[in-house]
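Before any comments, here is the structure.
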Amino acid sequence: MPECIRWALDSASEYHFREWDDGFTLFLEGENSVSLISPFAVTLLDILAHEPLGFAELLDRVSVDYPDESVDALGQLIEDALAGLSQRGILIRRRS
Amino acid sequence: MNLSDLSPTEQQHRFSSRGVFLKTGPLIFCIRSPIPQVMDSTATLYGAYELAENEDFADFYVMLKYPAGLRKWYHPQVLFDFDGRIPFKPLPASQAFPMLEWGMNWCIANHCHQWLIIHAAVVEKDGQGVILPAPPGSGKSTLCAALVGRGWRLLSDELAVIDPASGKLIPVPRPVGLKNASIDIIRQFLPAATLGPKCKDTRKGTVAHMAVSAKDCVNPQWVQPRWIVYPKYEAGSETLLEPHGKGDSLVQLASNSFNSQVLGSQGYETLARLTAATDAFDFRYSKLEEAIHIFDRLCAGGKGLARAE
Numbered sequence: 037m038p039e040c041i042r043w044a045l046d047s048a049s050e051y052h053f054r055e056w057d058d059g060f061t062l063f064l065e066g067e068n069s070v071s072l073i074s075p076f077a078v079t080l081l082d083i084l085a086h087e088p089l090g091f092a093e094l095l096d097r098v099s100v101d102y103p104d105e106s107v108d109a110l111g112q113l114i115e116d117a118l119a120g121l122s123q124r125g126i127l128i129r130r131r132s
Numbered sequence: 144m145n146l147s148d149l150s151p152t153e154q155q156h157r158f159s160s161r162g163v164f165l166k167t168g169p170l171i172f173c174i175r176s177p178i179p180q181v182m183d184s185t186a187t188l189y190g191a192y193e194l195a196e197n198e199d200f201a202d203f204y205v206m207l208k209y210p211a212g213l214r215k216w217y218h219p220q221v222l223f224d225f226d227g228r229i230p231f232k233p234l235p236a237s238q239a240f241p242m243l244e245w246g247m248n249w250c251i252a253n254h255c256h257q258w259l260i261i262h263a264a265v266v267e268k269d270g271q272g273v274i275l276p277a278p279p280g281s282g283k284s285t286l287c288a289a290l291v292g293r294g295w296r297l298l299s300d301e302l303a304v305i306d307p308a309s310g311k312l313i314p315v316p317r318p319v320g321l322k323n324a325s326i327d328i329i330r331q332f333l334p335a336a337t338l339g340p341k342c343k344d345t346r347k348g349t350v351a352h353m354a355v356s357a358k359d360c361v362n363p364q365w366v367q368p369r370w371i372v373y374p375k376y377e378a379g380s381e382t383l384l385e386p387h388g389k390g391d392s393l394v395q396l397a398s399n400s401f402n403s404q405v406l407g408s409q410g411y412e413t414l415a416r417l418t419a420a421t422d423a424f425d426f427r428y429s430k431l432e433e434a435i436h437i438f439d440r441l442c443a444g445g446k447g448l449a450r451a452e
């Protein structure tokens, strides 16, 4: 994962979460899109709501919420979540 | 007064002049056409529909007509005219009535943005609504036709129309569109049903429409949605009803919606309320009798239906 890339929430949209039995729906007001995302992805978005972060910084922050997971497993979870969220336009990439 | 109360001569006169003002749910369509197939099929399939008392206003003014010129005589075609515009390319004249049906669906889905509209069939029993969203080929219309033939009320075969304020389903009952093998399946399953003529070689294959029961045509009662059922016909499969996650159901409803994007946050809130107020299921079937039995049990509050026998 390149060090110079940071992820951020798109400031042009508002984010509305709802919890269901099988995950969270996220409605992006602005894009008017609806996605189903995992609780882990919600944790990631909650962290990124405060400031744009790179991969290593995200790994540090997420480790606090998931202390029982190995670093490798968490790294893979973050990579997968970032890919899914950015493909759906929920996260944007920034060069630091 | 219903359409069938007019004499054939009077029907023909109205179709050819000021139009027939037909009521479906809260909507009025003014239909004009000089094409015999349109007049005949409309008389057969919409005979029990009420005519609007006041002909000063219709929600949609539509006309099926021949293009100008020699084309009327050589490989004749038909045009769908909406408010004086031609939104679609012409089709062979033999497809005039299916084109009317598709065009009427288009009118509602693309213009009634006071409501949330989802591509789905809707049926009701004992005041409880079932929404059946599904892609083409899933057996949605076949199942819908079988249910309404066995006492379920039809609200729509194609469009779940939802009032954002109350969350209730609004009826817009119109003939059930059947395709290919399902036409003969329904003919055998419901021998007393009124079916219009088969129209071959359309973009959907062979199509025919089944008339709505007279009482459903004129029932204006809005309905509380109770279940979302995602049907899937699979030849030879056992009848199986399984819970469908609500979050995924909401996403599916959004992707099947014609206008949730137009409605923005109001559309999403309406979808979320609908999801919260309903139980969602996947439903696989191959035998209509068993399928109807499951729906009847669902309606009766049957326990243990998730993984039905």
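These protein sequences, in sequence, are chains U and S. The opening position of the first sequence corresponds to residue 37 in my numbering, with each subsequent residue numbered one higher. The opening position of the second sequence corresponds to residue 144 in my numbering, with each subsequent residue numbered one higher. We put the beta carbon where it would ideally sit given N, CA and C, even for glycine.
For S/K358, the three-state DSSP class (helix, strand or coil): helix
Taking the C-alpha atoms as reference points, what is the distance between U/L113 and U/Y51? 21 Å
For a contact meaning CB atoms closer than 9 Å, what does U/D58 contact in chain S? H387, G388, K389, G390, D391, S392
Looking at the C-beta of U/F53, does it have a partner C-beta in chain S at a distance below 8 Å? no
Ordered along the chain, which non-local residues of its own chain (more than five positions away) have a Cβ less than 6 Å from that of S/F240? Q180, V181, S184
Whose C-alpha, out of S/Q395, S/A443, S/R440, S/T413, is nearest the C-alpha of S/W258? S/T413
Going straight from the alpha carbon of S/E193 to that of S/Q395, what length do you get? 35 Å
Against chain U: residues of the region 405-423 of chain S by CB proximity under 9 Å: V405, L406, G407, S408, G410, Y411, E412, L414, A415, T418, A419
Can you give me the C-alpha to C-alpha distance between U/T79 and U/I41, rounded to a whole angstrom? 19 Å
Does any residue of chain U bring its CB to less than 8 Å from the CB of S/A289? no
Using a cut-off of 7 Å between C-beta atoms, extract the partners of S/A397 located in chain U. V70
Can you look up S/S380 in the DSSP assignment and give me helix, strand or coil? coil
Could you list which residues in chain S have their beta carbon closer than 7 Å to that of U/F76, in chain order? Simply none; closest approach about 14 Å.
Pop quiz: S/A252 and S/F401 are said to be a contact at Cβ under 8 Å. What is the actual Cβ separation, rounded to whole angstroms? 4 Å
Using only the alpha-carbon positions, how far apart do S/L431 and S/P340 sit? 23 Å
So, is S/Q331 buried or exposed, given that buried needs 16 or more other C-beta atoms within 10 angstroms? exposed
Within 8 Å, strictly: CB atoms of S/S309 and S/S380: no
Run of the beta strand (DSSP E) containing S/K268, from where it starts to where it stops: 259-268
How about U/T79: is its C-beta nearer than 8 Å to some C-beta of chain S? no
Starting from S/P276, follow the beta strand (DSSP E) in both directions and report where the run begins and ends. 271-276
Where does S/M206 land, buried or exposed, given buried means 16+ other C-beta within 10 angstroms? buried
Find the residues of chain S that neighbour U/F91, judging by a C-beta separation of less than 9 Å, and give them in chain order. Ordered by position in chain S, no residue passes the 9 Å Cβ test against U/F91, which lies about 27 Å from the chain.
Runs of beta strand (DSSP E) lying entirely within the region 204-239 of chain S, each at least 3 residues, in chain order: 220-225
Boundaries (first-last residue) of the beta strand (DSSP E) holding U/R129: 127-131
My output table needs one value for U/C40: the three-state DSSP class, helix, strand or coil. coil
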